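*Asks:* In terms of the working numbering, the sequence shown opens at residue 2 and continues consecutively. Even glycine gets a Cβ: it sits at the ideal position worked out from N, Cα and C. Values in this document were obtained by computation on a predicted structure and should not be read as measured data.
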Amino acid sequence: MATQQQQQQMEEPPQLISKIAESFKTLIPMLVGVLQVNIQSKDESPFKTHPTNMWVFVFSTFIYYSVAQGSVSLAVVSGSLSSVSLLSVLLPCLLGHLIFIAWAFVTIVVAYQVHALLIHNVCQKLHQMIIDIISKCHCQWFTPSNSFEQQRPPV
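(1) Using only the alpha-carbon positions, how far apart do E45 and E23 sit?
(2) What first and last residue would you give for the alpha helix (DSSP H) that runs through K49?
(3) So, helix, strand or coil for M2, using DSSP?
(4) Can you look up H116 in the DSSP assignment and give me helix, strand or coil?
(5) Do S79 and Y65 have their C-beta atoms closer together than 8 Å?
(6) Can you find the residues in the same chain that come closer than 7 Å, C-beta to C-beta, to L32, ignoring five residues on each side of it along the sequence?
(7) Ignore the nearest five residues each way along the sequence and tell me which others in A1's own chain have a CB closer than 8 Å to its CB.
(8) Which of the three DSSP states is assigned to K126 in this structure?
(9) Roughly how many angstroms lie between the CA atoms of F60 and L28, to the nearest whole one?
(10) Would you identify the three-state DSSP class for P93, choosing helix, strand or coil?
(11) Grouping DSSP H, G and I as helix and E and B as strand, with all else coil, what is Q37?
(12) Would you mind sorting V123 into buried or exposed? The rule is 16 or more other CB atoms within 10 Å of its CB.
(13) Taking V90 and L127 to be in contact with their CB atoms under 8 Å, please state how far apart those CB atoms are, rounded to whole angstroms.
Pasting the structure below:
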């Protein structure tokens, strides 16, 4: 019974994570609108002034809208990366770089929370495998054997 509940928890993402993934459907277009208003008075495109950030935005937004229905955790990661890359264009340079560092830490925490049960099960299986290997080797090393006497070469 407990195993079935654990499998359901692994298959169904937590409600909060799903809501976060959905929120990017509103946040990304809003940030695009703010960016459009911000660059109206400027001569250069953000693709010329911030090329890396803008291409990260394009690719992560493509991934977000492609996988939003299939993988909630990947939708959260790509949606947040898309939002952070646009936000970094709007912020001063140093703060724009710092927000990517914060994004990386938050992504690691969210990924761990989503997959904590899976990670825990894998660690338990790995631990059991190590114990099994050690116990097999331990038994082979310390069992008395007459084979040593039989292997001595004749003198």
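*Replies:* Taking the coordinates as given:
(1) Start at 1 with the first residue of the sequence shown, and residue 45 comes out as number 44. Start at 1 with the first residue of the sequence shown, and residue 23 comes out as number 22. Between E45 and E23, the C-alpha separation is close to 32 Å.
(2) Against the sequence shown, residue 49 aligns to sequence position 48. Residue range 47-50 is occupied by the alpha helix (DSSP H) that includes K49.
(3) The sequence position of residue 2 within the sequence shown is 1, counting from 1. Residue placement at M2 is poorly supported in this model, since its pLDDT is 47, which falls under 50; the coordinates still yield a value, given next. Here M2 sits in coil by DSSP.
(4) Position 115 of the sequence shown holds residue 116. In the structure shown, the three-state DSSP call for H116 is coil.
(5) For the purposes of this step, residue 79 is taken as residue 78 along the sequence shown, with counting starting at 1. For the purposes of this step, residue 65 is taken as residue 64 along the sequence shown, with counting starting at 1. Going by C-beta atoms, S79 is nearer than 8 Å to Y65.
(6) What you label residue 32 is simply residue 31 of the sequence shown in a count that begins at 1. So the qualifying residues of the chain are S84, L87, L88.
(7) Beyond the ends of the chain as shown, which are 2 and 156, falls residue 1; an answer cannot be given.
(8) Taking the first residue of the sequence shown as position 1, residue 126 is located at position 125. Judged by DSSP in its simplified three-state form, K126 adopts helix.
(9) Sequence index remark: in the sequence shown, residue 60 carries index 59 (1-based). Sequence index remark: in the sequence shown, residue 28 carries index 27 (1-based). Roughly 16 Å between the two C-alpha positions.
(10) If you number the sequence shown from 1, residue 93 lands on position 92. DSSP places P93 in coil when its eight states are reduced to three.
(11) Translated into positions along the sequence shown, residue 37 becomes position 36. Helix.
(12) As a position in the sequence shown, residue 123 is number 122, starting the count at 1. Around the beta carbon of V123, a 10 Å sphere encloses fewer than 16 other beta carbons of the protein chains shown; the residue is thus reported as exposed.
(13) Start at 1 with the first residue of the sequence shown, and residue 90 comes out as number 89. Start at 1 with the first residue of the sequence shown, and residue 127 comes out as number 126. In this structure V90 is not in contact with L127, their Cβ atoms being roughly 43 Å apart against a cut-off of 8 Å.
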